[in-house]
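Quick note: our numbering has the sequence shown finishing at residue 131, numbered continuously throughout.
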Amino acid sequence: MAVSEFQAIHAVALQMAAALDTYEADTDAMVAAWPDLERYRTVSGDVDRLRMYSSSLPATSVQWAELLIAHAQLVHYLWRDCYGEGGGSAEAFRQVRDHHADCIAALRSRCARLARSRHPPPHAA
Numbered sequence: 007m008a009v010s011e012f013q014a015i016h017a018v019a020l021q022m023a024a025a026l027d028t029y030e031a032d033t034d035a036m037v038a039a040w041p042d043l044e045r046y047r048t049v050s051g052d053v054d055r056l057r058m059y060s061s062s063l064p065a066t067s068v069q070w071a072e073l074l075i076a077h078a079q080l081v082h083y084l085w086r087d088c089y090g091e092g093g094g095s096a097e098a099f100r101q102v103r104d105h106h107a108d109c110i111a112a113l114r115s116r117c118a119r120l121a122r123s124r125h126p127p128p129h130a131a
């Protein structure tokens, strides 16, 4: 891997971590204001940005897929609670939120490892 490619991975990892911070804050705001469709659109844009960064960082693919699934589960829970059969108990919602937060933390950790690594990630050979 050329030095410039390695530097690009560092830069994208830092950008993805920053986008993840924005996504987390926007998601918290969306949940608090649910069903505010403008906040939902904002979070959808955040997801698109994270998808773009992840496509440039194959080493984040597992964590990104886990977050995407957790995001879908969270949004499904919110829609169902608001418009459908009901989302369930406060404990069920806490579990969905906790899993989502764990997925954010895992992706953030992976980005941090890539950003501070002195060696190319395993998928970048």
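Positions of the beta carbon are idealized from the N, C-alpha and C atoms, including for glycine.
Secondary structure of residue i, DSSP reduced to three states
i    : result
A111 : helix
W85  : helix
A121 : helix
G51  : helix
E1   : Residue coverage of the chain in this structure runs from 7 to 131, which leaves residue 1 outside it and unanswerable.
Neighbour-count burial assignment, residue i, 16 or more Cβ in a 10 Å radius
i    : result
C88  : exposed
L52  : The residue asked about is misnamed: residue 52 is Asp in this sequence, not Leu. Classification for D52: buried.
A38  : exposed
L63  : buried
A131 : With a pLDDT of only 43 at A131, under 50, the local geometry of the prediction cannot be trusted, and the value read off the model is given with reservation. So A131 counts as exposed.
A19  : buried
Residue closest to residue i, alpha-carbon to alpha-carbon, out of the options
i    : options               : result
C117 : E91, Q69, D52, A96    : Q69
H82  : P41, Q13, A17         : P41
T135 : I110, G90, R119, S115 : Residue 135 falls outside the range modelled here, since the chain spans only 7 to 131, and no answer is possible.
Could you tell me whether the segment 39-56 touches the segment 24-31, using the rule of 3 or more Cβ pairs below 8 Å? The segment 39-56 makes contact with the segment 24-31, as at least three CB pairs between them are under 8 Å.
Assess, as a yes-or-no matter, whether the segment 72-79 is touched by the segment 89-109 under the definition of 3 or more beta carbon pairs within less than 8 Å. Yes, since at least three Cβ pairs between the segment 89-109 and the segment 72-79 fall closer than 8 Å, the two stretches touch.
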